[in-house]
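Only one structure is covered here, and it is reproduced in the block below.
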Amino acid sequence: MDSRELTYFVAVAEELNFGRAATRLGIAQPPLSRTIQQLERRLGITLFTRTSRSVALTAAGEVLLYEGKRALEALTAAGRRAQRAGDPGLVLAMKATIDGDLLEKILAQFAADPAAVEVEVRIGGIGEQAMLLRAGEADAALLRLPHEDADGLAYEELLTEPDVAVLPRTHRLAVRDSITMSDLDGEQLPYWPGSPPNGGPLVRDAAQLMQLISLGRTVALLPASVQHHLRTDLTTVPVTGAATTTLVIAWSPDARSHSLAALVQAAVTASPSAGPFRSTRTG
Numbered sequence: 001m002d003s004r005e006l007t008y009f010v011a012v013a014e015e016l017n018f019g020r021a022a023t024r025l026g027i028a029q030p031p032l033s034r035t036i037q038q039l040e041r042r043l044g045i046t047l048f049t050r051t052s053r054s055v056a057l058t059a060a061g062e063v064l065l066y067e068g069k070r071a072l073e074a075l076t077a078a079g080r081r082a083q084r085a086g087d088p089g090l091v092l093a094m095k096a097t098i099d100g101d102l103l104e105k106i107l108a109q110f111a112a113d114p115a116a117v118e119v120e121v122r123i124g125g126i127g128e129q130a131m132l133l134r135a136g137e138a139d140a141a142l143l144r145l146p147h148e149d150a151d152g153l154a155y156e157e158l159l160t161e162p163d164v165a166v167l168p169r170t171h172r173l174a175v176r177d178s179i180t181m182s183d184l185d186g187e188q189l190p191y192w193p194g195s196p197p198n199g200g201p202l203v204r205d206a207a208q209l210m211q212l213i214s215l216g217r218t219v220a221l222l223p224a225s226v227q228h229h230l231r232t233d234l235t236t237v238p239v240t241g242a243a244t245t246t247l248v249i250a251w252s253p254d255a256r257s258h259s260l261a262a263l264v265q266a267a268v269t270a271s272p273s274a275g276p277f278r279s280t281r282t283g
């Protein structure tokens, strides 16, 4: 198979309509149909069941759709990583306010290394950072586990901290020294892209979340270090028995950049539990 065949197949598999797939690809329908037929003959399998009214994937087609999309994404990422390798700088992706107050220390530590290069810090929405890594658009990312997906990525742990409740200063619980999870019963909690709806608001970035908390539309459980970045109309309260999250620096296990290795080392050195460089973990 080549990438053109896979691209054609994925378009038909997602549209389940040869006409719409051809329009999406910007080609005529007959060559698209011939390409799919040739692919089926060469593989010796049927990818689609076709009637005069419908097109459906077979079990083999379902497998090829999953694997084909991964292969196309890997090809695209490989090209982007090659372009990134030709760029003298590094791109570090992160969400706003999740760095555990380590970003400035990491960058200062890295700047002292002979392999240091310019670092572009790319602030994105919730859930975007790992996607940027896999797509080859970032060299490293600061992620919060277990809330973000590190599957297939290499990473080093930097900081583990408990969650705290982030509340408006006028909230009934804001004057408490600490609360329990049961104290939050009945409160609207947000949910994030990729997580199931829970009746609360869908939140895509930190600024939106803080605005919703300020308006009394939601409360949130966030890492304790968020208190250093809060608006003046918000406050945090410790939560007894709250879950913990771990800040990690993640990168593609296929990366071969000396500057990237130096950035990871700088992050580990700047972390509160700094010690000898630890073995790489892969999600």
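The sequence shown: position 254 = 254 (full-length UniProt numbering), numbered continuously. Built from N, CA and C at the ideal position, the CB exists for glycine as well.
By the neighbour-count criterion, in which a residue is buried when 16 or more other Cβ atoms sit within 10 angstroms of its Cβ, Asp163 is buried. Here DSSP, grouped into helix, strand and coil, assigns Ala93 to strand.
The beta-carbon separation of Ala56 and Thr46, rounded to 11 angstroms, does not stay under the 8 angstroms limit for a contact.
Each of Gly124, Leu102 and Leu230 was checked against the Cα of Arg204, and the nearest Cα belongs to Gly124. Secondary structure at Gly186: coil, using DSSP grouped into helix, strand and coil.
Within the UniProt domain "HTH lysR-type" (1-58), the complete alpha helix (DSSP H) segments at least 4 residues long are 3-15, 18-25 and 29-43, listed from N- to C-terminus. Separation of Ala115 and Ile106 (C-alpha to C-alpha, rounded to the nearest whole angstrom) is 14 angstroms. In the DSSP annotation of this structure, the continuous segment of the beta strand (DSSP E) that includes Ile123 starts and ends at Val119 to Gly124. Around the beta-carbon of Val91, 16 or more other beta-carbon atoms lie within 10 Å, marking it buried.
For Arg134, the uninterrupted alpha helix (DSSP H) run begins and ends at Glu128 to Arg134, by DSSP.
The shortest C-alpha to C-alpha distance from Val237 to any of Ala220, Ala141 and Leu75 is the one to Ala220. With contacts defined as CB atoms closer than 8 angstroms, Phe9 and Leu64 qualify as a contacting pair. For Ile249, the enclosing beta strand (DSSP E) covers residues Thr244 to Trp251. CA-to-CA, the gap between Gln109 and Asp149 works out to about 27 angstroms.
In this structure, Leu173 is the residue among Gly194, Leu173, Trp192 and Asp177 with its C-alpha nearest to the C-alpha of Leu184.
Boundaries of the beta strand (DSSP E) around Val166: Ala154 to Pro168.
Its chain contains Ala262 as the residues whose beta carbon lies nearer than 6 angstroms to that of Asp113, once the 5 sequence neighbours on both sides are disregarded; these appear in chain order. A contact is defined here as three or more CB-CB pairs under 8 angstroms, and the region 91-105 meets this definition with respect to the region 128-141. Comparing alpha-carbon positions, the option among Leu142, Leu202 and Gly89 lying closest to Gly194 turns out to be Leu202. Each residue's CA atom was taken as its position, placing Arg20 and Val12 some 8 angstroms apart.
Our two residues, Ala243 and Pro223, have alpha carbons roughly 9 angstroms apart in a direct line.
DSSP lists Leu247 as the beta-bridge partner residues of Arg144. For a cut-off of 8 angstroms, the C-beta gap from Asp139 to Ser225 is around 24 angstroms, too long to register as a contact. According to the DSSP assignment, Val268 belongs to the alpha helix (DSSP H) that extends over His258 to Ala270. Residue burial is scored here from C-beta neighbours: Val239 has at least 16 other C-beta atoms within 10 angstroms and is therefore classed as buried.
Here Leu159 is not near Leu72, since their CB atoms are 8 angstroms or more apart.
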